[in-house]
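**Student:** First to last, the sequence lines map onto chains A and B. For the record, in the first sequence the residue sitting at position 202 is 201 according to numbering that gives the first Met the number 0, with numbers rising by one throughout. For the record, in the second sequence the residue sitting at position 84 is 83 according to numbering that gives the first Met the number 0, with numbers rising by one throughout.
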Amino acid sequence: MRAAAPLAVAVGLFGVPYGVLARDELGIVPALVFSATTFAGSAQMAVVSLLGSGGVTAAIVAGLLLNARYLPIGISVAPSLPRPLWRRVLTAQLVVDESWAIANRGGGRFDGRMLLGAGLVLYAAWMLGSAAGLVGGSLLGDPKRLGLDAAFPALFLALLAGQIRDRLSLVAALLGGAIALALVPFVPAGVPIIAASVVCLLGLRPVSRA
Amino acid sequence: MSHDAWLVVAICGIGTVALKTTGPLLLGGRDLPGWVGGVLALLAPTLLAALIVTQAFAGDRVLVLDARAAGLAAAAIALALRAPLLVVLVLAAAVAAGARALGWLA
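In structure tokens:
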């Protein structure tokens, strides 16, 4: 849980500019419902900025593409989620990049309690941040000025470092990063991450030869 | 506008819940065949690497080198020196903020 605290601060602070932008583009109530149901900063930010430039369809497509990574992410946590079914489905809604990453125990296993605990903390932070932005407006200013946008890739790098256990996982990480990087200029945001996930099929290699 | 707002919120909200629910609904609580384990074990490093590069180097359909890269580099050095996670995160943010404040990087 201590690991989730700095993330919660960063996630909450990123909720503020979302709230500021969403107040004009969506209105206060839809903007809060959006945070409560979609709970994904990058997708929500993309949606409100695309609504600003006029395209409802473009906004919806971008939001769904950016969240499409939750299909493979959901598959990866599935064996680690609690029973019964209703708890599994509810816990799955709390999975976001950050809680998924810090609950990762390597080798395809996840800490189910960490997924739930960190997910709840981050959910509360995201709702509070969104609400603060909707109500308080632009007092905070741009979180980029605080360098907060650099904290997220740094977090994922720290977590990746713990994931590299053998040559195969190193190769998968390098290939996944290379594919995502190569696709960024050619496809909409979100697609590079999905495309990179095909690399995990390397895991089909027989273990004895790996 | 408010009509559109609810439409967007509803479709994205339902879509996201469906995406998050599919895996746990179909796969959870069941013993998976062995080959699935090998694939799932690689899903995390693959997706983490993809998240790192897109969050550090992606602009709007363009690759950019800005203050996030400086923050990431600082984080990599801190990690190599076995710094605690909180130090790594604060350092990354501080370096990116500093590079922007000094006008070195966007």
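The beta carbon of each residue, even a glycine, is placed where N, CA and C say it ideally should be. Predicted model, so just to flag it, every value in this text is computed and none were measured.
Which chain A residues are close to residue 22 (chain B), counting only those with a beta carbon under 8 angstroms from its beta carbon?
**Tutor:** Under the 8 angstroms cutoff, chain A gives 70, 71, 72, 73, 74, 75, 76, 77, 91.
**Student:** Could you please give me the residues that DSSP links to residue 57 (chain B) through a beta bridge?
**Tutor:** Bridge partners of residue 57 (chain B): B:62.
**Student:** Say whether chain B places a C-beta atom closer than 7 angstroms to the C-beta of residue 27 (chain A).
**Tutor:** False, the Cβ-Cβ gap to chain B never drops below 7 angstroms.
**Student:** Would you say residue 45 (chain A) lies against chain B (beta-carbon separation less than 7 angstroms)?
**Tutor:** Cβ-Cβ to chain B under 7 angstroms: no for residue 45 (chain A).
**Student:** Between A:37, A:113, A:174, A:56, which lies nearest to residue 15 (chain B) when the distance is taken from Cα to Cα?
**Tutor:** It is A:37.
**Student:** Listing by chain order, which chain A residues have their CB less than 9 angstroms from the CB of residue 8 (chain B)?
**Tutor:** The contacting residues are 25, 29, 30, 32, 33, 36, 37, 46.
**Student:** How about residue 195 (chain A) and residue 49 (chain B): are their beta carbons less than 7 angstroms apart?
**Tutor:** Yes, these two residues count as a Cβ contact at 7 angstroms.
**Student:** What does residue 36 (chain B) touch in chain A if you count any residue whose Cβ is under 7 angstroms from its own?
**Tutor:** Result: 107.
**Student:** Checking the sheet assignment: what are the DSSP bridge partners for residue 103 (chain A)?
**Tutor:** Answer is A:109.
**Student:** For residue 78 (chain B), return the contacting residues in chain A, with the cut-off set at a CB-CB distance below 7 angstroms.
**Tutor:** Those are 156, 157, 160, listed as they occur along chain A.
**Student:** If we cut at 7 angstroms on Cβ distances, does residue 86 (chain B) have a partner in chain E?
**Tutor:** In summary, chain E is missing from the structure at hand, where the protein chains are A and B.
**Student:** Let me know the secondary structure DSSP gives residue 80 (chain B) once reduced to three states.
**Tutor:** Note: residue 80 (chain B) maps to coil in three-state DSSP.
**Student:** With C-beta atoms as the reference, is residue 125 (chain A) less than 7 angstroms away from residue 10 (chain A)?
**Tutor:** In this structure, residue 10 (chain A) lies closer than 7 angstroms to residue 125 (chain A) by Cβ.
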